[in-house]
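Under full-length UniProt numbering, the residues of the sequence shown are numbered 1 to 510, in order. Positions of the beta carbon are idealized from the N, C-alpha and C atoms, including for glycine. Take a look at the structure set out below.
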Amino acid sequence: MPNTKETNSSHNTIPPINDGKDNNSIQPLHSPHTTSEKEEHKHISSPKLGLITTAVTLVMFLTLLDTTIIVTVQSGVYQYTFLTFLFLFEVGSAVCGAALSSKMLIIGRAVAGLGGSGLRNGALGIITECVPLAKRPPYFGVMMGLSLCGAAVGPLLGGLFTKFVSWRWCFYVNLPIGALAAILLLAIRIPDVQAKKLTSVISALSTLDLVGFLLFAPCAIMFLMALEWGGSKYAWSSGTIISLFCGAGSIFLVFLGWEHHLGDEATIPFSMVRKRAVWSSYLVIWFFFGGMMVYSYYLPIYFQAVKGTSPLASGVDILPLILSQMVAVVLSGGLVKKMGYYLPFSIASSILMAISAGLITTLSVGTSTGRWIGYQIIGGFGQGLGMQMPYIAIQHSIPQQHNAVALALIVFMQNLGGAVFLALAQTIFTTDLRSGLARFAPTVDVGLVEAAGATGFRGLVDSVEVIGVLEAYDEAVTRNFFFAVVCAGVMLFCCWGMGWVRIEKGEESG
Numbered sequence: 001m002p003n004t005k006e007t008n009s010s011h012n013t014i015p016p017i018n019d020g021k022d023n024n025s026i027q028p029l030h031s032p033h034t035t036s037e038k039e040e041h042k043h044i045s046s047p048k049l050g051l052i053t054t055a056v057t058l059v060m061f062l063t064l065l066d067t068t069i070i071v072t073v074q075s076g077v078y079q080y081t082f083l084t085f086l087f088l089f090e091v092g093s094a095v096c097g098a099a100l101s102s103k104m105l106i107i108g109r110a111v112a113g114l115g116g117s118g119l120r121n122g123a124l125g126i127i128t129e130c131v132p133l134a135k136r137p138p139y140f141g142v143m144m145g146l147s148l149c150g151a152a153v154g155p156l157l158g159g160l161f162t163k164f165v166s167w168r169w170c171f172y173v174n175l176p177i178g179a180l181a182a183i184l185l186l187a188i189r190i191p192d193v194q195a196k197k198l199t200s201v202i203s204a205l206s207t208l209d210l211v212g213f214l215l216f217a218p219c220a221i222m223f224l225m226a227l228e229w230g231g232s233k234y235a236w237s238s239g240t241i242i243s244l245f246c247g248a249g250s251i252f253l254v255f256l257g258w259e260h261h262l263g264d265e266a267t268i269p270f271s272m273v274r275k276r277a278v279w280s281s282y283l284v285i286w287f288f289f290g291g292m293m294v295y296s297y298y299l300p301i302y303f304q305a306v307k308g309t310s311p312l313a314s315g316v317d318i319l320p321l322i323l324s325q326m327v328a329v330v331l332s333g334g335l336v337k338k339m340g341y342y343l344p345f346s347i348a349s350s351i352l353m354a355i356s357a358g359l360i361t362t363l364s365v366g367t368s369t370g371r372w373i374g375y376q377i378i379g380g381f382g383q384g385l386g387m388q389m390p391y392i393a394i395q396h397s398i399p400q401q402h403n404a405v406a407l408a409l410i411v412f413m414q415n416l417g418g419a420v421f422l423a424l425a426q427t428i429f430t431t432d433l434r435s436g437l438a439r440f441a442p443t444v445d446v447g448l449v450e451a452a453g454a455t456g457f458r459g460l461v462d463s464v465e466v467i468g469v470l471e472a473y474d475e476a477v478t479r480n481f482f483f484a485v486v487c488a489g490v491m492l493f494c495c496w497g498m499g500w501v502r503i504e505k506g507e508e509s510g
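The structure is reproduced here in structure tokens:
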């Protein structure tokens, strides 16, 4: 998914937040967290709520479908802002499908990326505006669970389109789904709980923290470049890597100073972030998606390189992971609504992810099908249980008017965390692959194997050396899952900060 999305939802001035008492105390969802009776009537009930949920779920499905399908191609304010981003996404997809050159394809992907940058925030924001807090977990669960279908069927549809129709349909398929979602959203008015006054475009743009963005963007780029290049293109002790880290750190300090200067008008308002439940939730989602990225990227490499499957077949092989995620995320939403507590699911998620990642480190060339399916089911179920809990914890801890910024920041944190941990995982993978090739296949050209990729080395390496290369790939992939174990362990520690608090069922009466 696209990266920094917080600016789409952080246009409004944030009033100061009073921390009050420690977040550990069991606090009902009345008081500052409960929507007043005057606001309750603005929530939407069935069947309109079902249509809205269907619309935003279709778009979430669409964004994940778009993200995964491309792998196979290698030769008020909320409502209309959301529709604008959806329109850009659809235009970009149409341009990609009709592309006559690589430049045209790149331009189309850029436009689609610009549109996609606001869709996840918008989908979460619309559900937040339409549903009271105590009733949100099931809707979040259904939305996230069904949207995972996009990740499940993306590689399959991409392979089928590319083989039997045309790769262009990998993009054209987005158009009817997006059109249906737009029609559903246009048919119903989304309530604006905050009842903001209309402002001009210039006034709205003036509230953007452009200086903060211009400071943070190069900081993030330099940091990710250092992680990506360190140990592969350059030695960790090289001047280039040290300079990138120093530059990123220096600019980040300036960024923090600027954000503190802006106060509640900043992109990252400190008055909100300093609440323990909030920053704990951000850390949980950071490490959650860090571990999740290891599964998403390195399990397919295991199947392609070690098991010798095609990219399309590897998409089928990770279905146990995705399908178990879908089941667990929907189930957890219903259980949170029934039980009223979200922390137990984060704890269970951390434990199951750690167990699964630990088991995956034992995978080898000869691992049976039953074992790798079972390991994925454990991990997918754990990921599904914890996927929406930080969202619920944050919304329980802050007033209604801060939801837009809080949701934007949590989406930003999950994407940045995924990018950072994926860069670290790639460094670990590259280092371990090179050392493994030196031990298991010392006569093989390391550069040739790396350039050939997970599926191409078999035709370039002597049959005698293939087993050694397989062992090297297996070791490089499975060692990355020790990294996922660490992420799950840190997540288990951080999730306690979200607080053992109850979402009172009394709010459901709205």
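Length of the line joining the Cα atoms of residue i and residue j
i, j, result
"residue 67", "residue 311", "Caution applies to residue 67, whose pLDDT of 46 falls short of 50 and renders its modelled position unreliable; the model cannot decide the point."
"residue 93", "residue 364", "40 Å"
"residue 259", "residue 213", "10 Å"
"residue 108", "residue 89", "9 Å"
"residue 439", "residue 450", "16 Å"
"residue 251", "residue 271", "22 Å"
"residue 102", "residue 96", "9 Å"
"residue 343", "residue 499", "7 Å"
"residue 320", "residue 238", "42 Å"
"residue 166", "residue 457", "27 Å"
"residue 501", "residue 112", "40 Å"
"residue 302", "residue 147", "25 Å"
"residue 495", "residue 350", "9 Å"
"residue 465", "residue 170", "37 Å"
"residue 172", "residue 104", "15 Å"
"residue 128", "residue 399", "12 Å"
"residue 176", "residue 389", "32 Å"
Minimum C-alpha distance to residue i - residue among the options
i, options, result
"residue 264", "209, 362, 474", "209"
"residue 268", "406, 430, 426, 85", "406"
"residue 497", "232, 430, 397", "397"
"residue 374", "357, 387, 143, 388", "357"
"residue 385", "141, 82, 87, 120", "141"
"residue 413", "270, 134, 285", "285"
"residue 100", "126, 128, 168", "168"
"residue 143", "125, 160, 484", "125"
"residue 418", "475, 186, 290", "290"
"residue 472", "249, 444, 494", "444"
"residue 249", "273, 302, 235, 216", "216"
"residue 432", "174, 474, 120", "474"
"residue 185", "130, 162, 336, 174", "130"
"residue 409", "391, 400, 399", "391"
"residue 402", "275, 318, 382, 340", "275"
"residue 254", "339, 241, 211, 442", "211"
Buried versus exposed call for residue i [16 or more other C-beta atoms within 10 Å across all chains shown]
i, result
"residue 106", "exposed"
"residue 183", "exposed"
"residue 261", "exposed"
"residue 295", "buried"
"residue 387", "buried"
"residue 164", "exposed"
"residue 233", "exposed"
"residue 136", "buried"
"residue 282", "buried"
"residue 352", "buried"
"residue 162", "buried"
"residue 345", "buried"
"residue 372", "buried"
"residue 467", "exposed"
"residue 508", "In this predicted model, residue 508 has a pLDDT of only 39, less than 50, meaning its place in the structure is not dependable enough to derive any value."
"residue 493", "exposed"
"residue 122", "buried"
Proximity below 7 Å, CB of residue i to CB of residue j
i, j, result
"residue 247", "residue 222", "yes"
"residue 145", "residue 316", "no"
"residue 138", "residue 333", "yes"
"residue 367", "residue 481", "no"
"residue 477", "residue 298", "yes"
"residue 424", "residue 227", "yes"
"residue 86", "residue 178", "yes"
"residue 328", "residue 488", "no"
"residue 314", "residue 380", "no"
"residue 116", "residue 427", "no"
"residue 293", "residue 421", "yes"
"residue 490", "residue 288", "no"
"residue 134", "residue 503", "yes"
"residue 305", "residue 454", "yes"
Chain B within 7 Å of residue i, Cβ atoms only
i, result
"residue 302", "Absent from the structure: chain B. Only one protein chain is present."
Per DSSP, cross-strand counterpart(s) of residue i
i, result
"residue 230", "234"
"residue 502", "341"
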